[in-house]
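Right, one structure below, let's go through it.
Protein chains: 4
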Amino acid sequence: MGSFPGHALPGSFFLLFGLWWSVKYPLKYLSRRMKTNCYSRLFYQRLELIEGLVKVIFSLVGILAEQFDNGFHMPLINGEDHSWMKLKNWQHFTVYLFYGLSGMVDVLTYFPFKVPVGLDRLSLSLAEFFEGFIFYFHVHNRSELDQYIHSVLLVAVFGGAFTIFLEVFMREQVVLEFFRTSLTIIQGTWFWQIAFVLYPPSGIPEWNQQDHNNIMFITICFCWHYAIALILMSISYSLVYCFVKRRRWYNSEMDVGIQKLNSDKDAKAALLAGSEEE
Amino acid sequence: MGSFPGHALPGSFFLLFGLWWSVKYPLKYLSRRMKTNCYSRLFYQRLELIEGLVKVIFSLVGILAEQFDNGFHMPLINGEDHSWMKLKNWQHFTVYLFYGLSGMVDVLTYFPFKVPVGLDRLSLSLAEFFEGFIFYFHVHNRSELDQYIHSVLLVAVFGGAFTIFLEVFMREQVVLEFFRTSLTIIQGTWFWQIAFVLYPPSGIPEWNQQDHNNIMFITICFCWHYAIALILMSISYSLVYCFVKRRRWYNSEMDVGIQKLNSDKDAKAALLAGSEEE
Amino acid sequence: MGSFPGHALPGSFFLLFGLWWSVKYPLKYLSRRMKTNCYSRLFYQRLELIEGLVKVIFSLVGILAEQFDNGFHMPLINGEDHSWMKLKNWQHFTVYLFYGLSGMVDVLTYFPFKVPVGLDRLSLSLAEFFEGFIFYFHVHNRSELDQYIHSVLLVAVFGGAFTIFLEVFMREQVVLEFFRTSLTIIQGTWFWQIAFVLYPPSGIPEWNQQDHNNIMFITICFCWHYAIALILMSISYSLVYCFVKRRRWYNSEMDVGIQKLNSDKDAKAALLAGSEEE
Amino acid sequence: MGSFPGHALPGSFFLLFGLWWSVKYPLKYLSRRMKTNCYSRLFYQRLELIEGLVKVIFSLVGILAEQFDNGFHMPLINGEDHSWMKLKNWQHFTVYLFYGLSGMVDVLTYFPFKVPVGLDRLSLSLAEFFEGFIFYFHVHNRSELDQYIHSVLLVAVFGGAFTIFLEVFMREQVVLEFFRTSLTIIQGTWFWQIAFVLYPPSGIPEWNQQDHNNIMFITICFCWHYAIALILMSISYSLVYCFVKRRRWYNSEMDVGIQKLNSDKDAKAALLAGSEEE
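Residue numbers (full-length UniProt numbering), protein chains in the order written: chain X, 1 to 278; chain U, 1 to 278; chain Y, 1 to 278; chain C, 1 to 278.
So this is what it looks like as structure tokens:
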């Protein structure tokens, strides 16, 4: 969909997932590391199931939006002269399709079909790879700025595909999970950036598609998006850190029960010991 | 062989291997994971020996087909003006040759020459690499569509070479084995696609070799082929899952022997316990 | 800053870090390997904290130098015709920004926020990657020599980014640390080389920007820079080796205390045994 | 050295090392695996020392040959017009230099300076990388065939650099050692091929530098070179296998001493048991 909402929609999907992961992975990491009693393996498995379902729903919404763009009937072949029709829509359809398949693998992993661990990561990696593969040949015959702004996206897309492929072999590696989160956030914000640059809403002046300065700015802008993604993740990490710390304190107070008098001192000591452990 | 059967033949070889692996690897994985008594290491070693032999035979068939194409005598140098002859046939010959060598390494691994484990994977990886290497320089001076449809194949070929190279170090990694299977299936179906696009059998209209829309469709089509490969693998996984599950039930019934009366309940319980284990 | 000091400044930063690491990593490696009592984990953690602070300061210096170049006020958008301004300065600003962020992560790792181990390496790797990313699009519309001398730098930059990314998963791998050190030194010396080639100080004749021989020489020159980096590292390794060896001897003499008479023979024996251990 | 011997000399160096490794690594692998008493760690460490010395000597020979080509005095800068001189010779000098440095690291690893294990592999990997780096920019302004035949070499060179870099982390991985050996052999034979194609000795007709068929043949020819390298390695593996097997038999006969009568049966049984072990 060569339009503002056609880029804003996938951008929002990626942004939602990125922001959600920027809460989930720090929570998972910190509750395990700070040995709180609120970490449970089953809880995170259920979260992954829900994530898979949301992925499937987002993909369906994306596919239906593509269809709606064409009046709920999207032909592939023009009956008259046997030429291809709506190829760009079918490209977007394909991208959504692979994310949908990835969501379905997430769901299947939860159910007792003994799907090998790691297949969910592989399918997500493939979805990102095919997104990049299609985008790589997507921008033929367009203006220089259009080509460039899409090719910059490929850095995030193929970087994401590679990172998730590594996760097949290094599951639960917290640095890779954080890295994937940052790449997902920037993909989301960058889709919005593309929407604003290529299809500026009425009222905003259009970008000069041929000006080389615009291309230079786009390069810098991509880096700033990433810096913003990092800052967002730092904020969310700090909030989760405070939440987990407070919760642990609260829990330890509950535990001590009647030994109320000396509890405060103990809890503080435990806290201090905890924060000094490597 | 710039002809329909010249692409259909290798396509069928890859497809046969891909489909066979889509049965073999789930079977191997599930019989080990579900702790059936039908898993035996020796059985799979013998299968690999047979696979090696089949690879050698397929390579010989391919080489002979190339020769037959030239009346059982394929000259390399033209005696008159010292120019090269039949270079395309010799290219195909070379591709088959490396798959043949890979098959021979598979066979040698079985026999007691103490060939290092992993050498069979390395030789298969090299065969895929040289296939890609030759294809990369294969399409010089051809139409845009011809070049493009072959270069898309390279994604599957080099992806396969990389995956199999990883298997040298991570043998028996089930996710890599599944991934290799999917890349082999798509290589097979894509060879058939090339045959239909470039050398349409009589009765089917020819493709416009210059139309950019055809190139865009080819990109999407490759993704759909992969989606089909994934669906084929899911079906075959499900069938194997049912087969292994039923077999285990049957086996456990056999074991209990005269304790027939309470066997059903036990078997069901064992089944449930099995399907709940991580 | 398209000027001599604009390249000499970052060059000095990289060189300082490279030379410092060429002392620090051999010291760390040898004091651990030779089982001296002067190795302490805490000491090296504090060193990393100081390194992080120095990185932040260097980045601030770099950013302020860019500002000073523009009279302490660097506009991004020209108010009159809405065109971009000072894009090259903003590019350099962005590069410094990411190194500053990397320094901040180093500092945070030290404090008790339980930042995951490896995140400091990832952020440094990202800083190098974005440096390369910006440089890759930096040299558009410049002379051939200018483009080439910057693209040669990318080999060191992306090589460094890759090496540091590996360190996320293989922390404390001494070979990787040495390799990173050599790539940092060559980045430093190469920035100085760029400064001398593109902005020769007054008195030195200018380079012919179009002569292909200059480009050929630049390739060789880069290799020689690397050879010099290796020689520098060997010298510093040898010095540290002698220092650690002498210190161990001295320490063992201190330990024996009153058993002065037979201490020399023992210390020598211990030393010999130490140097013979694999 | 744009001449026949200038390519034949490095080709012979690589070929010698490749063939030697094709004996050494199977011997090392089989004597360890077949539990003969002729495997000793020290023996292979000394071999590596000698290899390092030979590398240094080969590099010196190469450097001196470059000098001799210019009458024992190779200027870099032309005093008259400050232009670069003999850049191609200096490029070859640089390649030899890095192999010489790699040899020196091998030698240093043996002596008790506690040089980190893996640094010898890294330095060899860097030598290959810089060889490829220089070759990549070596062939500017030459005929198409010249460029192509050198760029094909880069596949072996960068493949080798990558393989040896992997060996830094997976030392003594026998499959990687065999792979490196094959890449070294093909590099050697390919240098000879370049010598024959570009500088045919008198009596052999010259190659047409522009004919595209020649380029196509070169691609196939490279694959055949690799197939020959594999066959050479198989022969040498088989010979070593027979040698180690016979030696083990002989040794076991020596051991049994006076129990001569029943020794033959035992030795055979031990042999059979040995060849059946996984």
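Beta carbons are placed, not taken as given, at the ideal position from N, Cα and C, and that holds for glycine.
Between which two residues does the alpha helix (DSSP H) carrying residue i extend?
{"i": "Y:D146", "result": "144-169"}
{"i": "C:G203", "result": "Counting along the chain, C:G203 falls outside any alpha helix (DSSP H), and DSSP gives it neither H nor E."}
{"i": "C:Q210", "result": "Unbroken run through C:Q210: none, as it is neither H nor E."}
{"i": "C:P26", "result": "4-33"}
{"i": "Y:E66", "result": "41-68"}
Once the 5 residues before and after residue i are set aside, which same chain residues still bring their CB inside 6 Å of it?
{"i": "C:F165", "result": "S125"}
{"i": "residue 323 of chain C", "result": "In the structure as shown, chain C begins at 1 and stops at 278. Residue 323 of chain C is therefore absent and cannot be evaluated."}
{"i": "X:Y96", "result": "S59, G62, I63"}
{"i": "C:V157", "result": "E128, E131, G132"}
{"i": "C:E278", "result": "Residue confidence for C:E278 is low, a pLDDT of 38 falling below 50, so the modelled location carries little weight; the figure read from the coordinates is stated next. So the list is empty, once near-sequence residues are dropped."}
{"i": "U:E10", "result": "The identity of residue 10 of chain U in the sequence shown is Pro, whereas the question assumes Glu. Closer than 6 Å at Cβ, skipping near neighbours: F191."}
{"i": "residue 280 of chain U", "result": "Summary: the structure shown does not reach residue 280 of chain U, with chain U confined to residues 1 through 278, and so no result is reported for it."}
{"i": "Y:S22", "result": "T181, M233, S236"}
{"i": "C:P200", "result": "E206"}
{"i": "C:T109", "result": "V115, D120"}
To the nearest whole angstrom, what separates the beta carbons of residue i and residue j, a pair I think is in contact under 8 Å?
{"i": "Y:F4", "j": "Y:A195", "result": "5 Å"}
{"i": "X:V244", "j": "X:L30", "result": "5 Å"}
{"i": "Y:W190", "j": "Y:F222", "result": "7 Å"}
{"i": "C:L87", "j": "Y:N213", "result": "6 Å"}
{"i": "X:L122", "j": "X:Y136", "result": "Wrong, their Cβ atoms sit about 21 Å apart, outside the cutoff."}
{"i": "U:F93", "j": "U:E66", "result": "5 Å"}
Closer than 8 Å by C-beta to residue i: which residues in its own chain qualify, once you throw out the five before and the five after it? Chain order, please.
{"i": "X:Y25", "result": "V174, E177, F178, T181"}
{"i": "U:V56", "result": "G100, G103, M104, V107"}
{"i": "U:T219", "result": "V152"}
{"i": "X:H225", "result": "I186, T189, W190, Q193"}
{"i": "C:A8", "result": "F191, W192, A195"}
With burial defined as no fewer than 16 other Cβ atoms inside 10 Å of the residue's Cβ, what is the status of residue i: buried or exposed?
{"i": "Y:I50", "result": "exposed"}
{"i": "U:H206", "result": "First, the amino acid is wrong: residue 206 of chain U is Glu here, not His. With fewer than 16 other Cβ atoms within 10 Å, it is exposed."}
{"i": "C:W17", "result": "According to the sequence shown, residue 17 of chain C is Phe rather than Trp. Buried: at least 16 other Cβ atoms inside 10 Å."}
{"i": "C:L198", "result": "buried"}
{"i": "C:P112", "result": "exposed"}
{"i": "C:Q210", "result": "exposed"}
{"i": "Y:Y250", "result": "exposed"}
{"i": "residue 281 of chain C", "result": "Limits of chain C in this structure are 1 at one end and 278 at the other, which puts residue 281 of chain C out of reach."}
{"i": "U:G6", "result": "buried"}
{"i": "Y:I215", "result": "buried"}
{"i": "U:Q45", "result": "exposed"}
{"i": "residue 333 of chain U", "result": "Since the first and last residues shown for chain U are 1 and 278, residue 333 of chain U lies out of range."}
{"i": "Y:L145", "result": "buried"}
{"i": "U:N89", "result": "buried"}
{"i": "C:F43", "result": "exposed"}
{"i": "X:A229", "result": "buried"}
{"i": "C:F13", "result": "buried"}
{"i": "Y:L15", "result": "buried"}
{"i": "X:F68", "result": "exposed"}
Starting from the C-beta of residue i, find all residues in its chain whose C-beta is less than 7 Å away, skip the five residues before and the five after it, and write them out in chain order.
{"i": "X:M85", "result": "P75, L76, I77, N78"}
{"i": "X:L183", "result": "A156, G159, G160, T163"}
{"i": "Y:K28", "result": "Y44"}
Quiz prompt | alpha helix (DSSP H) runs wholly inside the region 97-139 of chain U, at least 4 long, in chain order | solution = 119-136
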